[in-house]
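In the working numbering, the protein residues as written are 74 to 328. Cβ atoms here follow ideal geometry from the backbone N, Cα and C, with glycine treated the same way. Small disclaimer: the values here were computed from a predicted structure and weren't measured. Written out below as C-alpha cells is the structure these notes cover.
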Amino acid sequence: MTRRLLLCTLLAATATAAAPLAAMAEDPYPSAPLKFIVNFPPGGASDALARIFGLKLGEAIGQPVVIENRPGAGGAIGMVYAAKQPADGYTFTIGTLGSAITQPLITKVPYSMAKDFMPVSLIATGPAVLVVNAASPHRTVADIVAAAKAQPDKLNYGSGGLGTFAHFTGAMLNQAAGIRITHVPYKGGVQALNDVLANQLDMIAVDPPAALPQLRGGRLRAIAYTGAQRSPLLPDVPTFAESGYKDLVGANLWS
Numbered sequence: 074m075t076r077r078l079l080l081c082t083l084l085a086a087t088a089t090a091a092a093p094l095a096a097m098a099e100d101p102y103p104s105a106p107l108k109f110i111v112n113f114p115p116g117g118a119s120d121a122l123a124r125i126f127g128l129k130l131g132e133a134i135g136q137p138v139v140i141e142n143r144p145g146a147g148g149a150i151g152m153v154y155a156a157k158q159p160a161d162g163y164t165f166t167i168g169t170l171g172s173a174i175t176q177p178l179i180t181k182v183p184y185s186m187a188k189d190f191m192p193v194s195l196i197a198t199g200p201a202v203l204v205v206n207a208a209s210p211h212r213t214v215a216d217i218v219a220a221a222k223a224q225p226d227k228l229n230y231g232s233g234g235l236g237t238f239a240h241f242t243g244a245m246l247n248q249a250a251g252i253r254i255t256h257v258p259y260k261g262g263v264q265a266l267n268d269v270l271a272n273q274l275d276m277i278a279v280d281p282p283a284a285l286p287q288l289r290g291g292r293l294r295a296i297a298y299t300g301a302q303r304s305p306l307l308p309d310v311p312t313f314a315e316s317g318y319k320d321l322v323g324a325n326l327w328s
C-alpha cells in the first residue's frame with residue numbers, strides 16, 4: 074500500500090489548466106480573485122486546508138481566494154465542475170487521493186486527469202485513524218475482525234464517497250483480514266462521522282484533527298492509525314501494523 078500511495082503522490086494532478094503564456098503576459102497575474110473548488114462539504118479536512126491555504130496564498134499574491142464547495146460522489150462532482158471552468162489560471166480544485174487518483178482508476182468518471190487538469194502543488198499528506206462510537210463493544214482491530222468473521226456483512230464503515238481514503242482503508246482491512254464489512258458512502262466524511270457519533274454507523278477512518286475533539290470528549294474511541302508510526306496527537310493509539318496488519322500503512326493527500 075505504501076508504494077501505491079507514493080505513486081499516487083507523484084501522479085497527483087489537481088489544478089485546472091492555466092492559460093497560454095502569451096495570454097498571461099498581457100496582464101499582470103493575478104489581476105482578479107482566485108477560486109478554490111473544494112470537492113467535499115464544509116467542515117472536513119479538504120475544506121479546512123483549502124481555507125487555510127487560500128488565506129495565506131491570498132495574503133502573498135494580493136488577491137482574495139474564494140472557496141466554493143461542490144460536494145458529492147466522492148469528489149467527482151467538484152472535479153467535473155472544475156474541468157468545465159475557463160482555463161485561465163484563476164480556478165483551482167483541491168484534489169485528494171480519491172478524486173485525483175483512485176476514482177479514475179476504479180470507475181468511469183466524466184473527466185480526464187491528463188487532459189483537464191495540470192499539477193500545481195502538493196499541499197498536505199496525512200494518515201487516518203479508525204474510530205468507533207464510544208459505546209461500541211469494539212476496542213481493538215482484533216475485536217472488529219472477530220465480530221466481522223462471526224457475522225459477515227453485519228458491520229459497516231463509512232466514507233466521504235467511492236474511492237476516498239476512508240473507503241480505501243476499509244477495503245484494505247477487508248482484504249488483509251479476510252472479512253466483509255459493508256461500505257456506506259456519504260457526500261462527505263463529516264456526515265459519516267456524525268452518523269458514527271449517532272450510533273447509526275459502526276466505524277470510519279478519518280483525519281485525526283477531525284476526530285480529536287470527540288475523542289477527548291469521550292464520544293468516540295480510536296481503534297488504530299494508518300501511519301507507519303503512532304500519531305503525536307494520539308500517542309496511545311496503536312498503528313494497524315502494531316495490530317497485526319503490517320501492510321495497512323498509508324496516508325491521504327491533498328494537492
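The shortest C-alpha to C-alpha distance from Gly-262 to any of Asp-100, Lys-222, Ala-284 and Pro-106 is the one to Ala-284. Assignment of beta-bridge partners to Ser-328 by DSSP yields no partner. By the Cβ test, the region 284 to 296 is not in contact with the region 238 to 252, since fewer than three Cβ pairs between them sit closer than 8 Å. Taking Ala-220 as reference, the option from Glu-141, Ser-119 and Gly-251 with the minimal CA-CA separation is Gly-251. Excluding five sequence positions before and after Asp-275, the CB atoms of its chain that fall closer than 6 Å to its own CB belong to Leu-228 and Asn-229, given in chain order. Shown here, Leu-203 sits in a strand according to DSSP, grouped into three states. By the neighbour-count criterion, in which a residue is buried when 16 or more other Cβ atoms sit within 10 angstroms of its Cβ, Ala-324 is buried. Annotation: the region 196 to 262 contains the following complete segments of the alpha helix (DSSP H) (minimum length 4 residues), in chain order: 214 to 223 and 238 to 250. About 5 Å separates the beta carbon of Pro-103 from that of Gln-136, a gap short enough to meet the 8 Å contact definition.
Leu-266 sits away from Thr-169, with the two beta carbons spaced by 8 Å or more.
If you ignore the 5 residues before and after Ala-208, its C-beta comes within less than 7 Å of the C-beta of Asn-272, all in its own chain and listed in chain order. Secondary structure of Leu-128 (DSSP, three-state): helix. In this structure, Phe-165 sits away from Leu-235, with a CB-CB distance that is not shorter than 8 Å. Here DSSP, grouped into helix, strand and coil, assigns Leu-122 to helix. With respect to the 8 Å criterion, Ile-296 and His-211 are classified as neighbours on the basis of their beta carbons.
Counting only runs of at least 4 residues, the region 134 to 185 fully encloses the following alpha helix (DSSP H) elements, listed from N- to C-terminal order: 149 to 156 and 176 to 179.
Ranked by how close their Cα comes to the Cα of Ala-314, the residues Ala-249, Gln-264, Pro-192 and Pro-305 have Ala-249 in first place.
With respect to the 8 Å criterion, Val-204 and Ile-277 are classified as neighbours on the basis of their beta carbons. A distance below 8 Å separates the beta carbons of Leu-122 and Ile-196. Under the 10 Å beta carbon count, Thr-299 is surrounded by 16 or more other beta carbons and is classified as buried. If the five residues before and after Arg-292 are omitted, its C-beta is found closer than 7 Å to the C-beta atoms of Ala-207 and Leu-270, all from its own chain and listed in chain order.
In the DSSP assignment, Phe-313 forms no beta bridge with any residue.
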